[in-house]
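Chains as they are written, first to last, in our numbering: chain A, 11 to 174; chain B, 365 to 604; chain C, 6 to 183; chain D, 6 to 553. Even glycine gets a Cβ: it sits at the ideal position worked out from N, Cα and C.
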Amino acid sequence: MSFLDLDEFLIDLAAQVEVVYSPVVDAKEYPENVDVCLIEGAICNEDHIEMVHKIRARTKIVVSFGDCAVTGNVTAIRNQLGLGNQENVLQRAYVEAAQLNPCIPKLDGIVPPLLERVIPVHEMIHVDHFLTGCPPSAPRIKSFVSQLLEGKAPQLTGTDIKFG
Amino acid sequence: MAAKTLTINGQQVTAEEGATVLQVARDAKINIPTLCHLDGMKDVGACRLCIVEVVGTPKLLPACTTVIAEGMEIKTESDRLRKYRKMTLELLFAERNHVCAVCVANGHCELQTLAYEQGVDHVRYDYLFPKWGVDTTHERFGMDHNRCILCSRCVRACVEIEGAATKSIAGRGAKSKIISDLNEPWGEADSCTSCGKCVQSCPTGALFNKGSTVAEMEHDRSHLDYVVTAREKKLWVTHA
Amino acid sequence: MSATLSHPNPGNAKYDRVMKVAAGDKRFKILEVTMKKNQFRHDSLIEVLHKAQELFGYLEDDLLRFVAYKLKLPPSRVYGVATFYHFFSLKPQGKHTCVVCMGTACYVKGADKVVEALQNKLKVKSGETTPDGNVSLLTARCIGACGIAPAVTYDGQVSPKQTPEQALEKIGQWLQPA
Amino acid sequence: MQLDELKAIAEKKKASAKKVCLRTCLSAGCISSQSDVLHKNLATEVKAAGLENDVEVRRVGCMGFCGQGPLVGVDHKEGKEELFEFVKPDDAKAIVSHLKGGACDVQKGDPQHPFFAKQVKIVRANGGIVDPENIEDYLAIGGYQALHHALTEMNSESIIDTITKSGLRGRGGAGFPSGIKWGTVAKSPGAKKYVVCNGDEGDPGAFMDRSVLESDPHLVLEGMAIAAHAVGADQGFLYVRAEYPLAISRLQIAIKQAKALGLLGSGIFETPFNFNVDIRIGAGAFVCGEETALLASIEGERGMPRPRPPFPAVKGLWGCPTLLNNVETFANISAIINKGADWYASFGTEKSKGTKVFALTGKIKNNGLIEVPMGIPLRQIVEEMGGGAPDGHSVKSVQTGGPSGGCIPAEHLDTPVDYESLGKLGSIMGSGGMVVMDDTTNMVEIAKFYMEFCMDESCGKCIPCRAGTVQMFHLLEKITQRKATKRDLDKLEELCDMVKNTSLCGLGQTAPNPIQSTLRFFRSEYEALLQPDATGAPVGANGTAKAH
């Protein structure tokens with residue numbers, strides 16, 4: 011959503027990039043030869059592992075985008091419960107907190123199993139750049155993306171790399 | 365008191381004998397990062413962020429506890445120091461659960477500020493995700509051990525400034541924990557005077573005023589400064 | 006700590022409770038004699054805690070509070086010191102204790118195997134006591150008996166050159182129903 | 006007490022010597038093999054055989070050869086010496102009948118074994134000879150005469166001068182020249198000064214100080230008293246770890262006896278010199294071996310190190326100048342005073358004078374305590390005295406200096422044992438632990454073992470040590486579980502460097518040593534456990550994945 015805060019810059023951006031894969035792009039498979047991938051969110055389940063490895067193999071520049079990808083952030087709070095807590099997490103979310111049809115979604119091959127712990131992206135694959143923030147503010151994204159478009163390694167400093 | 369002349373980052377400075385490198389540097393508007401130092405309290409040299417290079421000394425010295433000497437040549441910045449400082453901060457982030465996005469001190473946190481000042485944009489060490497609790501039993505204040513960096517400022521505020529000695533550190537190593545009285549819930553610690561000095565001294569969101577929500581907790585050091593200065597200068601002694 | 010009140014905690018419920026408990030137990034008297042011998046000096050805290058643990062077996066909260074009140078030290082300080090040193094235990098120990106030395110000499114000679122065997126047998130981790138309170142399994146950071154490594158201390162008696170089998174046999178005696 | 010009285014007690018004790026002296030080791034090690042029962046049985050048997058007038062049954066401290074214990078030494082007045090090894094309580098009868106010429110199948114040891122023959126004993130000269138619970142034994146071999154000499158013939162300056170000239174360096178590990186330290190304390194202004202003996206021997210694999218305290222407590226007390234006179238202190242503290250109950254009780258007895266004879270207390274040897282020693286018992290914190298932490302502990306606080314400077318020599322206990330040396334250092338003093346600086350300096354190397362006691366343990370045939378001149382090649386200790394690794398294995402490495410030290414590989418066994426040479430190999434002399442490892446030892450596991458130790462013993466005050474050791478241990482665990490990559494190893498090495506350079510006290514500053522030294526000599530063992538990097542990190546020019 012913070013991305014949308016880029017307002018008119020989005021139009022400039024659209025002229026310079028082709029969005030080949032995203033939750034709002036109708037592509038089932040992550041394509042080959044991608045220049046830049048902004049990864050949002052931490053690695054939480056087995057599908058994510060497969061996905062990030064695929065992304066890494068097919069992408070030149072991988073960016074951890076936002077605190078969840080960089081630190082695990084709020085999504086990783088469940089790790090404090092200790093290893094092997096997946097079942098409890100699901101129990102709490104889908105049974106205890108449910109108002110309708112309490113049941114844990116389970117379907118092999120459809121619902122990916124949760125990992126023992128949530129980890130930031132760079133613990134699994136090599137990450138080229140980090141864009142912190144929850145969310146990263148629009149000016150911060152703009153500065154970062156502009157530098158990338160200029161072919162530079164983005165250099166952010168000061169509050170532009172503030173966590174949170 | 366004799367004056368001493370020394371150089372910091374090539375800049376010549378003169379200061380009173382007995383002053384620390386940190387004091388002298390700050391007077392000369394040279395910023396040295398630190399987390400465990402707070403004006404008015406005894407320095408403990410614990411956070412190791414204020415380490416500086418001194419020409420002729422192979423060891424890195426903490427600016428907060430190193431007393432100046434005539435002719436000292438000090439460097440407060442170098443690749444090596446930057447690297448170590450960055451690592452120290454990363455170690456802190458990995459040690460407990462610092463989730464800035466949902467922290468009461470977000471935007472007003474010394475750890476967070478130092479992190480971006482020192483260029484920490486991610487943590488290379490595995491997060492340890494220990495299980496620590498939150499103590500909200502005190503009627504006015506709360507303590508979230510997840511955000512504690514064990515700088516011991518609250519302990520020193522409580523012992524040295526307030527004189528209540530409600531706070532201390534229990535355990536050792538990574539299991540160290542700030543406690544109230546006999547490791548009781550804070551609200552049950554009867555030595556606590558509810559003065560709030562510990563809360564104001566905390567560099568992170570570990571100690572907070574109850575009712576603060578994300579980014580609302582701003583620590584106010586001026587009150588501490590007021591008490592310490594008044595005491596040092598004996599402002600409140602009645603000369604009857 | 007310059008000001009000293011004649012009644013350290015007048016009207017304090019915790020203070021009153023602790024003193025009431027202490028009045029009914031001779032061991033507190035003995036402990037107070039130790040403190041008196043040390044002129045209630047603050048620096049005698051560790052000696053006093055040693056004595057307290059010797060008398061009571063472990064340091065429970067009211068005991069620590071008693072020490073704090075009598076030495077006129079903040080409870081937080083007493084608790085901080087008691088938990089800094091491994092020798093002090095804040096939990097009751099089992100009827101029997103088995104301390105495996107894990108110093109380097111013992112370690113390279115297989116003390117880890119001894120610990121493993123004991124852990125499996127007792128179904129507790131080192132540092133824990135069996136749920137029935139019978140045996141506490143502990144490890145030590147070198148008891149200085151390296152010449153006879155690996156050494157294990159059973160109920161205070163050091164035994165030399167222990168194998169997992171010997172250790173199991175030894176604790177087997179404790180596990181038999183009385 | 007005057008010198009002639011002292012000498013009279015010594016002479017009387019010497020004159021009462023019986024034809025045969027049966028010495029039984031009653032140190033903690035041998036007691037664990039029931040040497041206390043053996044000692045009682047020997048006394049009973051001697052009585053039963055009607056030999057009380059000819060045979061003295063003496064309790065002694067450590068004879069050194071702990072691996073063969075319990076040991077019984079037999080001294081015949083005419084000079085013959087015998088040694089029995091692995092003696093069981095039931096063997097008492099056989100030994101006593103042997104004295105009468107009967108047969109005896111108790112295993113005989115060789116008093117001329119290289120384990121003994123290669124030793125030069127200064128610190129341990131009386132260990133295994135005197136009864137540690139009987140001050141007269143100590144007086145009989147000339148005890149407390151050095152103190153008398155120091156008090157009556159020497160002043161602060163000349164004592165410190167002698168210590169400086171002797172070249173004695175602190176035996177606690179770092180090897181700081183003792184004379185300089187003493188001089189600093191003596192010169193530091195202050196009406197009240199303290200002498201502290203560090204008996205918090207925490208290094209796993211080391212028990213030199215325990216044995217000295219258990220075997221010859223007066224030697225340490227005398228050294229402390231001389232030091233107190235030299236620096237102008239009147240109060241001493243002996244900080245002993247709680248794990249050494251026997252040492253504590255023997256020291257208590259020794260202090261009581263010395264006080265009774267006026268060798269401690271007020272107006273010693275009828276001079277104005279007063280000196281009292283109190284024992285402080287540790288409570289299980291390795292970090293208290295660090296001097297500022299030890300002082301905090303004596304003050305009854307959490308044993309957290311304090312930044313230095315100010316050094317304890319200037320601002321120590323309760324802010325007063327404090328002389329802090331370890332047990333072995335103090336145990337050297339009376340010999341230096343008695344025999345002179347030149348005599349002492351004639352042992353050892355140019356920069357490391359005198360002797361050093363080592364606890365030779367681990368995978369080695371002959372286990373025990375040895376005292377050797379500085380500079381002796383490690384090979385002589387390990388192969389000739391120690392007899393090499395047992396069971397047909399070969400020596401792979403020797404670990405010196407405990408958790409602060411390093412592992413010296415077999416190819417460097419010809420290294421002379423002195424402060425500088427060990428330092429060059431990335432290890433340290435340390436307090437004297439020497440743990441031999443054979444070819445079955447996994448060096449990465451050893452590094453992990455020490456790192457776990459340091460992690461558990463970190464006081465938690467400074468971040469590099471508190472959080473750094475945790476991460477280093479975590480990385481080592483990853484490596485041993487075969488889950489780590491080259492990147493993790495790089496991170497580990499970087500942390501070693503950082504923790505070493507930024508930690509507050511010696512514990513943190515030396516915690517990475519075991520890793521760094523095993524990496525230096527046994528790197529391939531680490532690399533063999535690494536997994537290929539599957540993170541897709543770009544490969545650097547040197548073929549390694551770049552750490553991000």
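Looking at the structure shown, is T360 of chain D part of a helix, part of a strand, or coil, going by DSSP?
Walking along the fourth sequence from the start, residue 360 of chain D turns up at place 355. Residue state, collapsed to three classes: strand.
Grab me the residues of A552 of chain D's own chain with a C-beta within less than 6 Å of its C-beta, minus the 5 sequence neighbours each way, in chain order.
Your numbering for residue 552 of chain D matches position 547 in the fourth sequence. With a pLDDT of 47 at A552 of chain D, under the threshold of 50, the modelled position of that residue is not reliable, and the figure given next carries that caveat. Residues R492, D495 of the same chain have their beta carbon placed closer than 6 Å to that of A552 of chain D, with the five preceding and five following residues left out of the count.
Using a Cβ-Cβ distance under 8 Å, would K668 of chain B count as near chain A?
Residue 668 of chain B cannot be examined here, being either before or after the span of chain B that is shown, 365 to 604.
Could you name the residues of chain B that Q486 of chain D contacts, counting a contact when the two beta carbons are closer than 7 Å?
Start at 1 with the first residue of the fourth sequence, and residue 486 of chain D comes out as number 481. Residues of chain B passing the Cβ test: none, with the nearest at roughly 13 Å.
When the Cα of E83 of chain D is compared with those of D:A22, D:L47, D:S102, which residue comes out closest?
The sequence position of residue 83 of chain D within the fourth sequence is 78, counting from 1. Nearest to E83 of chain D by C-alpha distance, out of D:A22, D:L47, D:S102, is D:A22.
Contact between the segment 139-154 of chain D and the segment 74-82 of chain D is defined here as three or more beta-carbon pairs at a separation below 8 Å; is this criterion met?
They do not touch, by the three-pair rule.
Is any beta-carbon of chain B found at less than 8 Å from that of P469 of chain D?
On the fourth sequence, position 464 is the one that residue 469 of chain D refers to. Chain B contact via Cβ: present.
C-beta neighbour in chain C for A521 of chain B, strict 8 Å:
The residue labelled residue 521 of chain B in the question sits at position 157 within the second sequence. Using beta-carbon distances, A521 of chain B does not count as an interface residue toward chain C, since no partner is under 8 Å.
8 Å is my cut-off, CB to CB: does K597 of chain B come that close to chain A?
Translated into the one-based positions of the second sequence, residue 597 of chain B becomes position 233. For K597 of chain B, the answer is no, since every Cβ of chain A falls outside 8 Å of its Cβ.
Would you verify that the beta carbon of I49 of chain A is, or is not, closer than 8 Å to some beta carbon of chain D?
Within the first sequence, residue 49 of chain A is the residue found at index 39, counting from 1. For I49 of chain A, the closest Cβ of chain D is not nearer than 8 Å.
Using a Cβ-Cβ cutoff of less than 7 Å, which residues in the same chain neighbour R526 of chain B once the five nearest sequence positions on both sides are dropped?
Within the second sequence, residue 526 of chain B is the residue found at index 162, counting from 1. In the sequence as presented, Arg is not what sits at residue 526 of chain B; that position holds Glu. T557, C559, K561.
For G143 of chain A and M451 of chain B, I'd like the C-alpha separation in whole angstroms.
Reading the first sequence from its first residue, position 133 is the one you call residue 143 of chain A. Reading the second sequence from its first residue, position 87 is the one you call residue 451 of chain B. The straight-line gap from Cα to Cα measures roughly 20 Å.
Using a Cβ-Cβ cut-off of less than 8 Å, list which residues of the segment 132-157 of chain A approach chain D; keep chain order.
In summary, the residues of the segment 132-157 of chain A whose CB is separated from some CB of chain D by less than 8 Å are H132, M134, I135, H136, V137, D138, in the order they occur in the chain.
Taking C-alpha atoms, which residue in D:L224, D:N58, D:I127, D:T29 lies nearest to N46 of chain D?
As a first step, residue 46 of chain D is located in the fourth sequence; it is residue number 41 there, counting from the start. The residue with the shortest Cα to Cα distance from N46 of chain D is D:T29.
Give, in chain order, every unbroken run of the alpha helix (DSSP H) that is at least 4 residues long and sits entirely within the segment 467-544 of chain B.
The qualifying runs are 474-481, 517-520.
In DSSP terms, what Y199 of chain D is bridged to
As a position in the fourth sequence, residue 199 of chain D is number 194, starting the count at 1. Bridge partners of Y199 of chain D: D:Q240, D:T327.
Determine, using beta-carbon pairs with one atom in the segment 433-445 of chain D and one in the segment 507-518 of chain B, whether at least three such pairs fall under 8 Å.
Short answer: they don't touch.
Does the segment 352-372 of chain D touch the segment 470-483 of chain D, meaning 3 or more C-beta pairs lie closer than 8 Å?
Under the three-pair Cβ rule at 8 Å, the segment 470-483 of chain D does not count as touching the segment 352-372 of chain D.
Between the segment 88-100 of chain A and chain B, which residues of the former have a C-beta closer than 8 Å to a C-beta of the latter?
Here the close residues are N89, Q90, L91, G92.
Confirm, please, whether the CB-CB distance from T360 of chain D to I127 of chain D is below 8 Å.
The residue given as residue 127 of chain D occupies position 122 in the fourth sequence. The residue given as residue 360 of chain D occupies position 355 in the fourth sequence. Contact flag set, yes.
So if I threshold CB-CB distances at 7 Å, which residues from the segment 340-352 of chain D count as touching chain C?
Answer in chain order: no residues at all.
Contacting positions in the segment 48-65 of chain C - beta carbon closer than 8 Å to chain D:
Those residues of the segment 48-65 of chain C placed with their C-beta closer than 8 Å to a C-beta in chain D are D48, S49, L50, I51, E52, L54, H55, ordered along the chain.
Start and end of the alpha helix (DSSP H) containing Y590 of chain B?
Reading the second sequence from its first residue, position 226 is the one you call residue 590 of chain B. For Y590 of chain B, the enclosing alpha helix (DSSP H) stretches over residues 586-596.
Tell me the residue span of the alpha helix (DSSP H) that contains D21 of chain C.
Within the third sequence, numbered from 1, the residue matching residue 21 of chain C stands at position 16. D21 of chain C -> alpha helix (DSSP H) spans 18-28.
Does the beta-carbon of Y590 of chain B have 16 or more other beta-carbons within 10 angstroms, so that it is buried, or is it exposed?
As a working note, residue 590 of chain B is residue 226 in the second sequence. With fewer than 16 Cβ atoms within 10 Å of its Cβ, Y590 of chain B is classed as exposed.
Would you say L509 of chain D and K453 of chain D are within 8 Å of each other, going by their C-beta atoms?
Counting from 1 along the fourth sequence, the entry for residue 509 of chain D is found at position 504. Counting from 1 along the fourth sequence, the entry for residue 453 of chain D is found at position 448. In terms of Cβ geometry, L509 of chain D and K453 of chain D do not form a close pair [threshold 8 Å].
Quick check on Y90 of chain C: does DSSP put it in helix, strand or coil?
Along the third sequence, one-based indexing puts residue 90 of chain C at 85. For Y90 of chain C, the secondary structure class from DSSP, reduced to helix, strand or coil, is coil.
Return the residue from the list D:P469, D:T523, D:F526, D:S522 that minimises the CA-CA distance to T507 of chain D.
Within the fourth sequence, residue 507 of chain D is the residue found at index 502, counting from 1. Out of D:P469, D:T523, D:F526, D:S522, the CA that lies nearest to the CA of T507 of chain D is found in D:P469.
Give, in chain order, every unbroken run of the alpha helix (DSSP H) that is at least 4 residues long and sits entirely within the segment 338-383 of chain D.
List check, alpha helix (DSSP H) in window: 346-350.
Beta-carbon proximity list for V119 of chain C, same chain, < 8 Å, skipping 5 on both sides:
Numbered from 1 along the third sequence, position 114 holds the residue referred to as residue 119 of chain C. So the list reads V105, P155, V157, Q167, T168, P169, A172, once near-sequence residues are dropped.
Check whether the Cβ of D15 of chain A lies closer than 8 Å to any Cβ atom in chain D.
Translated into positions along the first sequence, residue 15 of chain A becomes position 5. So no, D15 of chain A is outside the interface.
Proximity winner among B:L456, B:K531, B:E548, B:L492, relative to C518 of chain B (alpha-carbon distances)
Taking the first residue of the second sequence as 1, we reach residue 518 of chain B at position 154. Distance from the Cα of C518 of chain B is smallest, within the candidate group B:L456, B:K531, B:E548, B:L492, for B:K531.
Quick check on this structure: which residue in B:Y491, B:P549, B:A427 has the alpha carbon closest to the alpha carbon of T384 of chain B?
Along the second sequence, read from residue 1 onward, the residue named residue 384 of chain B stands at position 20. The shortest C-alpha separation from T384 of chain B is found at B:A427.
Could you tell me which chain D residues have their CB closer than 7 Å to the CB of S555 of chain B, listed as they occur along the chain?
Walking along the second sequence from the start, residue 555 of chain B turns up at place 191. Under the 7 Å cutoff, chain D gives no residues; its nearest Cβ is about 18 Å from S555 of chain B.
Below 7 Å on C-beta distance, what does G559 of chain D contact in chain A?
Nothing can be reported for residue 559 of chain D, as the shown portion of chain D is limited to 6 through 553.
In the segment 185-205 of chain D, which residues sit with their C-beta less than 9 Å from some C-beta in chain C, listed in chain order?
Correct list: empty, as no residue qualifies.
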